[in-house]
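In the numbering used here, the protein residues as written are 32 to 350.
All residues carry an ideal CB built from backbone N, CA and C; glycine is no exception.
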Ligand code: GLU
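Structure representation (structure tokens):
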């Protein structure tokens, strides 16, 4: 029988795991502040990890800019050694081998065009669900195809329901085969994929609380499955409502006014921005300039709204 650890004796370990594909913007700052508040208000630790798996999209200078932006914001982290995913390939190799040894992984030769054919099954959020084409290849076919192109590696996801209770969106249930299909865990260029790396890192860092955007809500399902098969405890999840523009699009890098480079030029310090975000997070009825440490004693996780939040294009003019 496995020993049950009571929740109260388990210290909260939260984290922020940005992908340094550009400068932070309002959405990233909102996620970082929410994750920091959730971990700190529970008396826990807050860890930082840099998710720069793709070295082309994520140059080192961007990561250094994120560290300096977080310092400017007053969002502090407790791990002196920050893991960079680009330096952890050997760690991922080890766990990847565990999965291949269990026959849970197969090579996939499908091109992008083959995957996106019109009749490919789609999940409710529009993602293409892989039809399992290469799972059925014989050993001989694999040998032949390997001569033509380097395969990606897919993890078999079983016809299993994964259920969890999200801290913001409540009870969730996803069927791995129907909602995801077999996922790529290593790209054909050898780079390990987000779903595998994030799970291994959260597991090894002892993360107990994951706070991030609701665009990753359904990703919790394959990640919980990966935690199980790799032998880690799964964390608790809280997915945050997305920040959107008036036309319903997600706030993105192209929204220049939301870029922290621009905002730092406009503002005397981080307080007006942090107070505005505290208001978005439902913690203040109207924005007022506050430091992160001033928001902490006010913070109540239950007040985070359960719906997407519209950000006016000129929001910064009123900070
Ligand atoms: N690196 C991901 C991003 O910046 C976040 C991953 C996660 O929080 O699980 O979007």
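Report the CB separation of residue i from residue j in whole angstroms; it is logged as a contact under 8 Å.
{"i": "residue 198", "j": "residue 269", "result": "3 Å"}
{"i": "residue 136", "j": "residue 88", "result": "24 Å between Cβ atoms; not a contact."}
{"i": "residue 350", "j": "residue 60", "result": "The Cβ separation is near 12 Å, so there is no contact."}
{"i": "residue 252", "j": "residue 211", "result": "7 Å"}
{"i": "residue 123", "j": "residue 228", "result": "6 Å"}
{"i": "residue 257", "j": "residue 203", "result": "16 Å between Cβ atoms; not a contact."}
{"i": "residue 272", "j": "residue 339", "result": "5 Å"}
{"i": "residue 301", "j": "residue 103", "result": "6 Å"}
{"i": "residue 240", "j": "residue 43", "result": "5 Å"}
{"i": "residue 275", "j": "residue 341", "result": "6 Å"}
{"i": "residue 261", "j": "residue 129", "result": "7 Å"}
{"i": "residue 127", "j": "residue 217", "result": "6 Å"}
{"i": "residue 105", "j": "residue 333", "result": "Residue 105 to residue 333, Cβ: 24 Å. No contact."}
{"i": "residue 50", "j": "residue 82", "result": "4 Å"}
{"i": "residue 162", "j": "residue 188", "result": "13 Å between Cβ atoms; not a contact."}
{"i": "residue 182", "j": "residue 114", "result": "The Cβ separation is near 28 Å, so there is no contact."}
{"i": "residue 307", "j": "residue 318", "result": "5 Å"}
{"i": "residue 236", "j": "residue 91", "result": "Contact flag wrong, Cβ pair sits at about 21 Å."}
Go to residue i, then tell me how far its alpha helix (DSSP H) extends in each direction, as first and last residue.
{"i": "residue 254", "result": "251–261"}
{"i": "residue 59", "result": "57–72"}
{"i": "residue 307", "result": "302–311"}
{"i": "residue 91", "result": "91–104"}
{"i": "residue 172", "result": "170–179"}
{"i": "residue 279", "result": "Residue 279 -> no alpha helix (DSSP H), and no H or E assigned at all."}
{"i": "residue 112", "result": "First-last for residue 112: undefined, no H or E at that position."}
{"i": "residue 132", "result": "120–132"}
{"i": "residue 146", "result": "143–146"}
{"i": "residue 192", "result": "Where residue 192 is concerned, there is no enclosing alpha helix (DSSP H), although the beta strand (DSSP E) it sits in stretches over 192–197."}
{"i": "residue 296", "result": "291–297"}
{"i": "residue 335", "result": "Careful: residue 335 lies outside any alpha helix (DSSP H) and carries neither H nor E."}
{"i": "residue 85", "result": "It is not in any alpha helix (DSSP H) - residue 85 carries neither H nor E in the DSSP assignment."}
{"i": "residue 367", "result": "Limits of the chain in this structure are 32 at one end and 350 at the other, which puts residue 367 out of reach."}
{"i": "residue 286", "result": "Careful: residue 286 lies outside any alpha helix (DSSP H) and carries neither H nor E."}
{"i": "residue 323", "result": "323–326"}
Just mark residue i as buried or exposed, buried being the case when its beta carbon has 16 or more other beta carbons within 10 Å.
{"i": "residue 297", "result": "exposed"}
{"i": "residue 376", "result": "What the structure shows of the chain is the stretch from 32 to 350, and residue 376 is not part of that stretch, so it cannot be assessed."}
{"i": "residue 62", "result": "buried"}
{"i": "residue 71", "result": "buried"}
{"i": "residue 165", "result": "buried"}
{"i": "residue 158", "result": "exposed"}
{"i": "residue 254", "result": "buried"}
{"i": "residue 141", "result": "buried"}
{"i": "residue 231", "result": "buried"}
{"i": "residue 314", "result": "buried"}
{"i": "residue 326", "result": "buried"}
{"i": "residue 335", "result": "buried"}
{"i": "residue 76", "result": "buried"}
{"i": "residue 233", "result": "buried"}
{"i": "residue 170", "result": "exposed"}
{"i": "residue 56", "result": "buried"}
{"i": "residue 84", "result": "buried"}
{"i": "residue 167", "result": "exposed"}
May I ask which residues mark the beginning and end of the beta strand (DSSP E) holding residue i?
{"i": "residue 138", "result": "136–139"}
{"i": "residue 184", "result": "183–186"}
{"i": "residue 76", "result": "76–79"}
{"i": "residue 44", "result": "44–47"}
{"i": "residue 271", "result": "267–271"}
Neighbourhood of ligand 1 [Cβ distance below 6 Å to any heavy atom], ordered by chain position
One residue list follows from the rule of a beta carbon closer than 6 Å to any heavy atom of ligand 1, given in chain order as 48, 49, 50, 82, 229, 243, 247.
In the stretch 199–257, which residue ranges form an unbroken alpha helix (DSSP H) of at least 4 residues, counting only runs that do not cross its ends?
With a minimum length of 4 residues, the continuous alpha helix (DSSP H) runs that stay inside the stretch 199–257 are 225–235.
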